[in-house]
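In what follows, a single structure is set out as structure tokens and then discussed.
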Amino acid sequence: MKRQKLISDLVLNGALLLLVLIWTVPTLGLLVSSFRTRDEVNSTGWWTVVQNPTELTLDNYRQVLLGKDVSFTDAEGNVIEASGDNLGRAFLNSLTVTVPATIIPILIAAFAAYGFAWMKFPGRRPLFIMVVALLVVPLQIALIPILRDYTRLDLNGTFLAIWLGHTGFGLPLAVYLLYNYISQLPRDILESAFIDGASPFTIFVRLILPLSVPALASFAIFQFLWVWNDLLVALVFIGSKPEVAVMTQALQEMVGSRGQDWHLLTAGAFITMLLPLIVFFSLQRFFVRGLLAGSVKG
Amino acid sequence: MERDTQTRGLVDQIYYTTGRVLVSLLVPVVTFLVMWRGFIFLRDGDAPKLVTALVAIVWGVGGVGILFLLSNWLVEQFPPAWTDALRPFVFVGPALAILSWYLLIPTIRTLYTSFFDARSEAFVGLDNYIFAFTNPEMVISFRNNLMWLIVGTGLSVGFGLLVAILADRSKFETLAKSLIFLPYAISFVGAGVIWRFIYFFKPPGRPQIGLLNAILVGLGGEPQAWLTLAPWNNLFLIVIMIWLQTGYAMVLLSAALKGVPDELLEAGRIDGASETQIFFSIIIPYIQGTIVTVSTTIIIFTLKIFDIVFVMTNGNFGTEVIASRFYKQMFKFQHFGRGGAIAIILLIAVIPVMWYNLRQFGEQEAF
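Protein chains in written order, with the working numbering: chain A, 62 to 359; chain B, 1103 to 1469.
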């Protein structure tokens, strides 16, 4: 009986280990390759690094991050100058896009969720149903009309354009999730605050926002990852302006222009993944809670 | 005397009211000017990148905060009855305005353009929709999307369930789940690079640096250019999506599994049911709701899949999907009529799934 248990444990953990390996190896290969030299990457598989682990370098990161020119000697002995990619600028752009595009929709949605949950006004129910109904609209539908408005307002290629875009596309889910949370807050806390004569605005800032931190954090992580990893909205609203291009665009550009330079592509890809992975691991608890609350992003 | 006081009171009140109106006008105007200067600075400014980035963040986030403060303050300048009637709209107004501008009105506008020609000039009736359903490339993209839906959703949910069950009984649960969940945080472009590297092909005889071909050659096979192997290349793209989405399915299903009451399982065991029987007749029915929610969410996600195809093959070699056709019509061929029609088809495809999903979701406890 004990033996049987041991065997089944072994099979179970073995199967789990196999799955985990299959899921991890692709990322591992990327990470290892990003530290290998150009020649090494092109002549041997990354898994051979186990046999000679000494030849790792940070040059690839230097080249893609700082736009530093790198010279090297190719097989025939010619010295080749390669220009860098300046992903560092794209990293700043991505941050500039992502931080407001995460905070703005949360702020607007939290106000709206409070309004829908705790205020009485004509048309409350139909308006709320409209917000939820907009969850079905694929953002593709909005791209051309919004692009036309932006052209008229001369907004194309500005950060404001893309913040507002992500705000608009993220709002239905944000309002919906935050409404679910805020409407469940205990009624007596709010009522005693009203009796003390606090204005709804004060109640919102002093009471609702602090109480809703778990929900706000969950949605923030969700929206952060979504905006940071987005390519389509950036392509359409930022276009091909290199000064404002975000990380996903810059990497996509590299795939096009340096499709075979695996030492650079892998380093570039890992840089784009770095911040999401940090956020993901440090805030996983909140993130999972957000997912469980329903991720029905439109 | 009494009359005098009254007049003075009235004059005071007029002064007071005018002052209030003036201030009410001035404050928004000043705020607006400051915001506008900030915007011009950001749009045309030549400041160093880091400065621009910081100013942009402060301006964007602070701007929204000030807007709320200001509108609330404005509303409070009105007589109390007005304040009470107007205040809810200070709270829900901005969200409604942005939603109308970004989603509601564009839907109507796109529906409208879908009945017009490429430049939105001549009315063409249902031509764009007929095109969307008969054009050979569109037909291929529908076929591919169907493949994505069935294989991608099926295997994501299947693997998610498998990992959830295995991890539930293992000592390494947290670690295993974290590692499987990890790809969910990776962008499609990043995932594209990772998997292009795995599928990378070099002619026979040269050392294979792509993992898949290296394994194949190691086993004595011929290296393949996986991404050009129609129609199988679609499956190789779908693998990427499964890799990304399994973690999501696993998280939700794992939480559902933990909700299955132990007494129920014990009762089954006492009645002499085998583990397989317990799985199919107790666990599966119990977590059925979650399976449906997960599946519908992944279906909606899959219907709109675009980035993976765009990065991996750009739709070549018979790998187009609906959303990548949409992108080409809109931004490459600039045919707004056809692009619009495809977008509307996408919307119509999403509606029933989302409706079902929301209904399911409404029955669950949030947070």
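Don't be surprised by glycine CBs; every beta carbon is placed ideally from N, CA and C. Quick caveat, the model's predicted, so the values are computed rather than measured.
For Glu-1422 of chain B, the number of other beta carbons within 10 angstroms of its own is at least 16, and it is reported as buried. Among the residues facing chain B, Gln-284 of chain A is not included, as its CB has no counterpart in that chain under 8 Å away. Interface flag for Ile-1407 of chain B against chain A is unset, since no Cβ pair is found closer than 8 Å. Residues of chain A with a Cβ closer than 9 Å to the Cβ of Leu-1313 of chain B are, in chain order, Val-86, Pro-87, Gly-90, Gly-106, Trp-107, Trp-108.
Thr-1398 of chain B has its alpha-carbon roughly 11 Å from the corresponding atom of Arg-1461 of chain B. An exposed status is given to Ser-301 of chain A, since fewer than 16 other beta-carbon atoms sit within 10 Å of its beta-carbon. Within the segment 1416–1449 of chain B, the runs of alpha helix (DSSP H) at least 4 residues long that lie entirely inside it are, in chain order, 1424–1429. According to DSSP, Arg-99 of chain A shares a beta bridge with no other residue. DSSP places Pro-166 of chain A in the uninterrupted alpha helix (DSSP H) bounded by 148–179. In the three-state scheme derived from DSSP, where H, G and I count as helix and E and B as strand, Leu-214 of chain A is classed as helix.
Between Val-1153 of chain B and chain A, the shortest Cβ-Cβ separation is not below 8 Å. For the 8 Å CB-CB criterion, Gly-176 of chain A and Phe-1193 of chain B form a contact. When C-beta distances to chain B are compared with 7 Å, the residues of the segment 152–172 of chain A below that value are Leu-153, Leu-156, Thr-157, Val-160, Pro-161, Ile-164, Ile-165, Leu-168, Ile-169, Ala-170, Phe-172, in chain order. Interface flag for Asn-1174 of chain B against chain A is set, since a Cβ pair is found closer than 8 Å. Chain-order list of chain B residues neighbouring Asn-103 of chain A: Ile-1311, by C-beta distance under 7 Å. Chain-order list of chain A residues neighbouring Leu-1284 of chain B: Trp-84, Thr-85, Thr-88, Leu-338, Phe-341, Phe-342, by C-beta distance under 9 Å.
Looking at the DSSP output, Phe-1225 of chain B sits in a beta bridge with B:Phe-1218. A straight-line Cα-Cα distance of about 55 Å links Phe-1302 of chain B and Leu-1171 of chain B.
Between Thr-1212 of chain B and Pro-161 of chain A, the gap from beta carbon to beta carbon reaches 8 Å or more. Shown here, Leu-221 of chain A sits in a helix according to DSSP, grouped into three states.
The alpha helix (DSSP H) runs of length 4 or more contained entirely in the segment 1343–1416 of chain B are, from start to end of the chain, 1364–1372, 1377–1380, 1390–1405, 1409–1414.
Residue environment: Tyr-1286 of chain B is assigned as buried (16 or more neighbouring CB atoms within 10 Å of its CB, all protein chains considered).
For the pair Ser-279 of chain A and Ala-174 of chain A, the Cα-to-Cα distance works out to about 15 Å. Straight-line measurement puts the Cα of Val-1319 of chain B at about 16 Å from the Cα of Trp-107 of chain A. The Cβ-Cβ distance between Ser-1243 of chain B and Asn-1230 of chain B does not fall below 8 Å.
Leu-292 of chain A sits in coil when the DSSP states are folded into three classes, being neither helix nor strand. Counting along the chain, Phe-189 of chain A sits inside the alpha helix (DSSP H) bounded by residues 185–194. Taking a beta-carbon distance threshold of 8 Å, Gly-176 of chain A counts as an interface residue toward chain B. For Thr-327 of chain A, the uninterrupted alpha helix (DSSP H) run begins and ends at 323–343, by DSSP. Distance from the Cα of Thr-327 of chain A is smallest, within the candidate group A:Thr-88, A:Ile-164, A:Ala-76, for A:Thr-88. Closest option to Arg-99 of chain A, judged by alpha-carbon separation, among A:Leu-119, A:Leu-80, A:Thr-85: A:Leu-119. Nearest neighbour of Ile-83 of chain A by Cα position, chosen from B:Ile-1267, B:Trp-1297, B:Trp-1203, turns out to be B:Trp-1297.
CA-to-CA, the gap between Ala-1158 of chain B and Asn-154 of chain A works out to about 10 Å. At a C-beta separation below 7 Å, Phe-1428 of chain B has these neighbours in chain A: Gln-201. DSSP lists A:Arg-97 as the bridge partner or partners of Leu-117 of chain A. The DSSP assignment places 1290–1300, 1313–1320 as complete runs of the alpha helix (DSSP H) inside the segment 1277–1333 of chain B, in order along the chain (cut-off: 4 residues).
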